[in-house]
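Chains as they are written, first to last, in the working numbering: chain H, 135 to 245; chain E, 250 to 365. All C-beta atoms, glycine included, are put in the ideal place defined by N, C-alpha and C. For reference, the structure discussed in these notes is given below.
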Amino acid sequence: QKEVEQDPGPLSVPEGAIVSLNCTYSNSAFQYFMWYRQYSRKGPELLMYTYSSGNKEDGRFTAQVDKSSKYISLFIRDSQPSDSATYLCALIKAAGNKLTFGGGTRVLVKP
Amino acid sequence: NAGVMQNPRHLVRRRGQEARLRCSPMKGHSHVYWYRQLPEEGLKFMVYLQKENIIDESGMPKERFSAEFPKEGPSILRIQQVVRGDSAAYFCASSPGLAPSTDTQYFGPGTRLTVL
């Protein structure tokens, strides 16, 4: 069983819709949670970083963490065609140093 | 402020040759991480280095792979006697090294290695 599970998609939505992405994890040692965006043939780009249960908002992006359920989410409001990319969740254990990634969800926002 | 730089961006090698991948961290960053992204798979951690030290190499294959981050110059990921299964995108990330668990890791554009 993978440490971090993420639905690979693809997730296709119309422009302006809310995109909902999530990851589940099995190890409660994970304490820091990130979402990266990766365009085709590019490096991952950090979108959101959270470390406590609850919501964190930044512009059109909201990250949600539920440590009791070992479940993290990313919501993208008012989605644009430029949001079409692969979204990766990444987790770090307390006192750790390496990112453990989910497999990524491919998102396609259609104009 | 230039981001993380990797070169070459594309590298083609024949089976049995050596591949050397270079990574220059962001200015002011002293910690470097290497990750590998195999086709249809997620990013997997390989190794974590500080200047002149390997801190964690738990993700490195036991044979043929090595990494260094010298006092001067870029970090190098070296793959000896490449095989077709080494074909992948190799990403380098850097961080300032203030607190590894909470530092943001900034990624480079990657090197795509193709082994013929």
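Listed along chain H, the residues sitting closer than 9 Å to THR353 (chain E) by beta-carbon distance are MET168, LEU180, TYR183. The residue among H:GLY188, H:ARG194, H:LYS232, H:PRO144 with its C-alpha nearest the C-alpha of LYS201 (chain H) is H:GLY188. Against chain H, the CB of PRO345 (chain E) has no partner CB under 8 Å away; the residue lies outside that interface. Counting only the Cα atoms, GLN286 (chain E) lies some 17 Å from TRP169 (chain H). Taking CB atoms only, GLY193 (chain H) has no neighbour in chain E less than 8 Å away.
For the stretch 297-319 of chain E, the beta-carbon criterion of a distance under 9 Å to any beta-carbon of chain H is satisfied by TYR297, ILE304, ASP305, SER307, GLY308. At a cut-off of 8 Å between C-beta atoms, PHE164 (chain H) does not count as an interface residue with respect to chain E. ALA228 (chain H) sits exposed, since fewer than 16 C-beta atoms from the chains shown fall within 10 Å of its C-beta. Just so you know, the alpha carbons of GLY357 (chain E) and LYS176 (chain H) end up roughly 8 Å apart. The alpha carbon of ARG171 (chain H) has as its nearest neighbour, out of H:THR158, H:TYR183, H:SER160, the alpha carbon of H:TYR183. Taking LEU292 (chain E) as the centre and dropping the five residues before and after it, the same chain places the C-beta of TYR284, GLN286 closer than 6 Å to its C-beta, in chain order. It is roughly 11 Å from the alpha-carbon of ASN302 (chain E) to the alpha-carbon of SER279 (chain E). Residue contact with chain H for GLU321 (chain E): absent (no Cβ-Cβ distance below 8 Å to any residue of chain H). Under the Cβ distance rule, LEU260 (chain E) does not count among the residues neighbouring chain H, no pair being separated by less than 8 Å. A contact is defined here as three or more CB-CB pairs under 8 Å, and the stretch 306-319 of chain E fails this definition with respect to the stretch 258-266 of chain E. Between the stretch 311-329 of chain E and the stretch 236-243 of chain H, the count of C-beta pairs closer than 8 Å stays below three; the two stretches do not touch.
Going by DSSP, ASN156 (chain H) is part of the beta strand (DSSP E) stretching over 153-159.
In this structure, VAL243 (chain H) lies near GLN214 (chain H), with their beta-carbon atoms less than 8 Å apart.
The three-state secondary structure of PRO310 (chain E), taken from DSSP, is coil. Within the stretch 267-292 of chain E, there are no complete alpha helix (DSSP H) runs of at least 4 residues. The Cβ atoms of PRO274 (chain E) and VAL296 (chain E) do not sit closer than 8 Å to each other.
In this structure, DSSP gives ARG361 (chain E) an extended state, which the three-state scheme calls strand.
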